[in-house]
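Shown next, in structure tokens, is the structure this report addresses.
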Amino acid sequence: MKEPAMELVENPYVSDFTKKTLEQFGWRNNDPIPADLGPFMLQVKDTLPPSKRVDVLIDKEIMKEEDIEKIKEMLKAAKGVAKSEADKAQLEKETENMSESVREMYEKLKGGTEIIDDREEATAGETPAAVPEQPAEEPATEETLPEPSLVPPMVILPFCPRCGWDMQQKYDVDVTDKDKEDFLATLLGGSRFKRDYALAG
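Below, the structure is given as structure tokens:
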């Protein structure tokens, strides 16, 4: 049976008292906080002997090692949940204007890419090949400048010599949602995206 997803505290107000308590376990500013962390800490507090510290809810120095690791694991899992939720929200934003079929292909492409490093590692004790000694360089002689070229520089015409098209004219292209969907579909299908333009009316 699949365990329910961890719930996070939404927009938590973190006081100095709470901050000092959580920082004992590796928490940093703006890190997510599990919703069930508070009740668990109260349970742990009931099992602890009195502490000299009054600036924290529970004192790490007098806690059991398994309770410390449990809190660290909860904070680490909360980071993973927060990242997954942020990625999901970003994906929904990117695909909100796509059709259902294109959205499914995009989600597969976005989430299915895995990079594997299959390079062979150097075996232990293997020494790098010796670099041959380079012969001493001869003292640099006075450089001779090349003779100036008599070929005139190429002239770039501002218009096409055949049809007269003004090649300096600004060329704006409006990309539509259909263009985006067609581009993604051709990309997933392994073909080239094509679109016709009217250049001279």
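For the sequence shown, the working numbering begins at 139 and goes up steadily by one. All C-beta atoms in this analysis are idealised placements derived from N, C-alpha and C, irrespective of residue type, glycine included.
Proximity to residue 169 [Cα-Cα], best of 149, 236, 233 and 332:
Translated into the one-based positions of the sequence shown, residue 169 becomes position 31. Selected option, being the one with the closest Cα: 149.
Below 8 Å, can you find three or more Cβ-Cβ pairs linking the region 214 to 228 to the region 159 to 178?
yes
If you check the beta carbons only, do residue 147 and residue 173 fall under 8 Å apart?
Against the sequence shown, residue 147 aligns to sequence position 9. Against the sequence shown, residue 173 aligns to sequence position 35. In this structure, residue 147 places its C-beta atom within 8 Å of the C-beta atom of residue 173.
Looking at C-alpha atoms only, which residue of 333, 155, 330 and 319 is the closest neighbour of residue 238?
Counting from 1 along the sequence shown, the entry for residue 238 is found at position 100. Across the set 333, 155, 330 and 319, the C-alpha of 319 shows the shortest separation from the C-alpha of residue 238.
So residue 212 packs on residue 182, CB below 8 Å; how close in whole Å?
Here residue 212 corresponds to residue number 74 of the sequence shown, with the count starting at 1. Here residue 182 corresponds to residue number 44 of the sequence shown, with the count starting at 1. The Cβ separation is near 12 Å, so there is no contact.
Simplified DSSP assignment, three categories, for residue 139
For the purposes of this step, residue 139 is taken as residue 1 along the sequence shown, with counting starting at 1. Residue placement at residue 139 is poorly supported in this model, since its pLDDT is 49, which falls under 50; the coordinates still yield a value, given next. Three-state DSSP puts residue 139 in coil, outside helix and strand.
Buried or exposed by the 16-neighbour rule on C-beta atoms within 10 Å, applied to residue 155:
The count along the sequence shown starts at 1 and reaches residue 155 at position 17. It counts as exposed.
Between residue 207 and residue 163, what straight-line distance do the alpha-carbon atoms span, to the nearest angstrom?
Taking the first residue of the sequence shown as 1, we reach residue 207 at position 69. Taking the first residue of the sequence shown as 1, we reach residue 163 at position 25. When rounded, the distance between both Cα atoms is 9 Å.
Alpha helix (DSSP H) segment containing residue 122, residue limits:
No statement about residue 122 is possible, as the shown extent of the chain runs from 139 to 339 and does not include it.
Residue from 232, 195 and 185 with nearest C-alpha to residue 157
Position 19 of the sequence shown, counting from 1, holds the residue named residue 157. Per the Cα distances, 195.
Can you give me the C-alpha to C-alpha distance between residue 261 and residue 186, rounded to a whole angstrom?
To locate residue 261, count along the sequence shown from 1; it is residue 123. To locate residue 186, count along the sequence shown from 1; it is residue 48. A caution first: residue 261 carries a pLDDT of 48, below 50, which makes its placement in the model unreliable, though a value can still be read off. Near 50 Å, if we compare the C-alpha coordinates of residue 186 and residue 261.
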